[in-house]
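Since the structure comes first, as structure tokens, the remarks are kept for the end.
In our numbering, the protein residues as written are 804 to 1549.
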């Protein structure tokens, strides 16, 4: 077809060149006939142009076809139909020629809202449309159809004005803050009434606009025990004490809301209590009113005992809070607020009291004549009144319990009196009403009895102690050793016990124990020096020799744990031994390592080019190395190491290898291969984006359609230009010929 088009074009050019030599009408008729034939050829070329246009439309339509799976969007598959055309087979939820369309994303339901920070995408795993936020820190809320920052359930992420919730009905994957009415934001941080300036909180940085439980905006102070003063627009200290529910400022003045039986005294909430003798406490016009029980009267905001007892009547309190009684004849008011009898030579003051019309009683006594000892109240000396009496000690100002019979002592536990008796080997005496046993030599006081007490020849003193038994005080070089006889009888004696001058010796379950001084340790019954410095632990071996157990990085040197570390941090957790030679640190490095001044350093065997055989790559390892086959090579013997036998080339072209298409030929190279296309086929470069298939290395037939289209369009343009030019020349020639013919006819 192409060759025919070129022939017609040349003929047409030749046609329009002929008229210059035409001189007869017969020749003109022949040329016109030939020109008419060529014009029909031109018309056929125009029809060919229309066919090319249709072909281009077909090519555009073929762009919606696929060559491989990667041409299909959203994990669609490229399949070949029965007519040989390849099309994309789309997953559920996608459609279109190349599966570009996500059905739910174009649905009228407006799945992802109208925000610009979210896009509707297809999830290959669930095969559903999902809403993806552009900001990775935000997630899509299916209820509000907006991107929001999620919160953690049961946390305080949502502050004071919201709750972290997950809506299971809407199948929300994440939990979001559910804010109170009039509050918004990812963390419920924005209060509309505060933004709209419904309240004026001033410029104080410690003041914030908040919302109460009635949804009323108010000014709140950040610091505790402070309240907002609306008159000055600042936070001030405001503390109403323990009984307050709220402290605030009203018109610049502090006020306290008090709870229960508390009242505001102008400064803080004060407890409304009237004391032990009160029925109730109330506030009337800011004043405390106490309702008292019988024998109690209101005194200085308290219910106080007001009783004149048997020697007076009509008990009251004056304005100063002093008790007043109408005393009977022979009695008068005392400083203690009671009616007391007059004292004289007949009625004398007791227990050290002095008479000045009435008895002036010392501390700890009371009564008209100081006859009562306050300490003796509440039966502190028991109820055996025939044995025990309570007396007053003028020196201490307190009472004490005393036995009425001689040679008896008072026992506090039983509150009774017992005879003072220490047994046959001691004498009993009373000292400050307490029993004391004076025992004979070789005996000691044991539970208020004189009992035999002997710790042996090495003892200094023998005694008994309650709950502990016999105690031996021994000479130097001896210690108390306790023995159990017949399972229950316990005896103690002074036995040899010497740990040297650097420790103390004692017995524990009849075994000698040395408690040594610091930096000393017990060995073979003596405290010996055992110190390895502060970077290790000292001990003795079975032969009694000192050994040092040093910390990591230290070794024993001259009896002290000394720094000696050969570890190299660049080699990870590998450890190397270390020792000293003539006081100089030496590293013991194994094969594959070499010692430096500070540590063991790995030897890089790969620097030696002969370390690995042919077709291998050397890989250095700590202390050793390994040989690996180069890409495209394999070990000569799979049971051996490449280091020992080397590697050989892998022939990828066996049975045509990975060049699976029958349009190409595989050529093996050392370590690789090439797929060479057969004549009439080509493999497009990766950068062109056309036909390139790195997975299958396919070759494609050369496409002449584009070149053909370009040639045809060029031919049509050339024909059009030549036709117009020839037509003009023909007209001129025709006019010239007609003129010449007229002259000849004349």
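Virtual Cβ for every residue (Gly too), placed ideally from N, Cα, C.
Restricting to Cα atoms, I'd like to know which of the options is closest to residue i.
i            : options                   : result
residue 1416 : 1423, 1431, 1360 and 1403 : 1431
residue 983  : 1019, 1259 and 1526       : 1019
residue 928  : 1479, 896 and 1055        : 896
residue 991  : 1011, 960 and 1007        : 960
residue 898  : 918, 931, 1320 and 1301   : 931
residue 914  : 894, 884, 948 and 887     : 948
residue 1296 : 1261, 1311 and 1320       : 1261
residue 1368 : 1356, 1456 and 1097       : 1356
residue 1178 : 910, 1165, 1117 and 1485  : 1165
residue 1305 : 1312, 1225, 1322 and 1170 : 1322
residue 1245 : 1428, 1224, 1273 and 1223 : 1273
residue 1051 : 1022, 1066, 1231 and 1076 : 1022
residue 1014 : 1035, 987 and 1101        : 987
residue 1227 : 1255, 1215 and 1214       : 1255
residue 1219 : 1236, 1230 and 1232       : 1236
residue 1347 : 1421, 1457, 1425 and 1333 : 1333
residue 1445 : 1387, 1475, 1251 and 1418 : 1418
residue 1466 : 950, 1480 and 1258        : 1480
residue 1176 : 902, 1196 and 1141        : 1196
residue 1066 : 1091, 1056 and 1054       : 1091
residue 1257 : 1189, 1185 and 1265       : 1265
residue 873  : 892, 886, 887 and 885     : 892
residue 1482 : 1312, 980, 1281 and 1468  : 1468
residue 1200 : 1167, 1408, 1185 and 1222 : 1167
residue 1155 : 1403, 1169 and 1132       : 1169
residue 1210 : 1240, 1198, 1152 and 1183 : 1240
residue 1427 : 880, 1434, 1405 and 1150  : 1405
residue 1053 : 1031, 1073 and 1047       : 1031
List the DSSP bridge partners of residue i.
i            : result
residue 1591 : Any question about residue 1591 goes unanswered here, given that the chain covers just 804 to 1549.
residue 1398 : 1403
residue 1020 : 1014
residue 1272 : 1268
residue 1357 : 1366
residue 1163 : 1157
residue 1201 : 1196
residue 1293 : 1287
residue 1424 : 1427
residue 1187 : In the DSSP output, where bridge partners are listed per residue, residue 1187 has none listed.
residue 882  : 890
Under the criterion of a Cβ to heavy atom distance below 7 Å, does residue i qualify as lining the ligand SAH?
i            : result
residue 1358 : Among the ligands in the structure shown, none appear at all, so the ligand SAH cannot be discussed.
Just to confirm before moving on: does the CB-CB distance between residue i and residue j stay below 8 Å?
i            : j            : result
residue 1109 : residue 1093 : no
residue 1040 : residue 1049 : no
residue 1024 : residue 1038 : yes
residue 1212 : residue 1238 : yes
residue 1328 : residue 1315 : yes
residue 1007 : residue 1036 : yes
residue 774  : residue 1378 : Nothing can be reported for residue 774, as the shown portion of the chain is limited to 804 through 1549.
residue 1380 : residue 1391 : yes
residue 1550 : residue 1084 : What is shown of the chain runs 804 to 1549, which leaves residue 1550 out entirely.
residue 902  : residue 923  : no
residue 1114 : residue 1134 : yes
residue 1130 : residue 1118 : no
residue 1206 : residue 1191 : yes
residue 935  : residue 952  : no
residue 1436 : residue 1447 : no
residue 894  : residue 868  : no
residue 996  : residue 1005 : no
residue 771  : residue 1341 : Lying before the first or after the last residue shown, residue 771 is absent from the chain, which here runs from 804 to 1549.
residue 1485 : residue 1456 : no
residue 1086 : residue 1077 : no
residue 1071 : residue 1043 : yes
Closer than 8 Å, CB to CB, is residue i near chain C or not?
i           : result
residue 876 : Included in the structure is just one protein chain, with no chain C present.
Query - Complete beta strand (DSSP E) runs within the region 1052-1127 (minimum length 3 residues, chain order) - result: Here the runs fully enclosed are 1056-1061, 1065-1067, 1072-1074, 1081-1087, 1090-1095, 1099-1102, 1105-1108 and 1115-1120.
Query raised in the report: Which ranges does the beta strand (DSSP E) cover as unbroken runs of at least 3 residues, wholly within the region 912-981, from first to last along the chain?
Result: 921-926, 931-936, 942-944, 949-951 and 965-968
**Report entry** Runs of beta strand (DSSP E) wholly within the region 1235-1270 (minimum 3 residues, chain order)
**Finding:** 1237-1242, 1246-1248, 1253-1255 and 1262-1268
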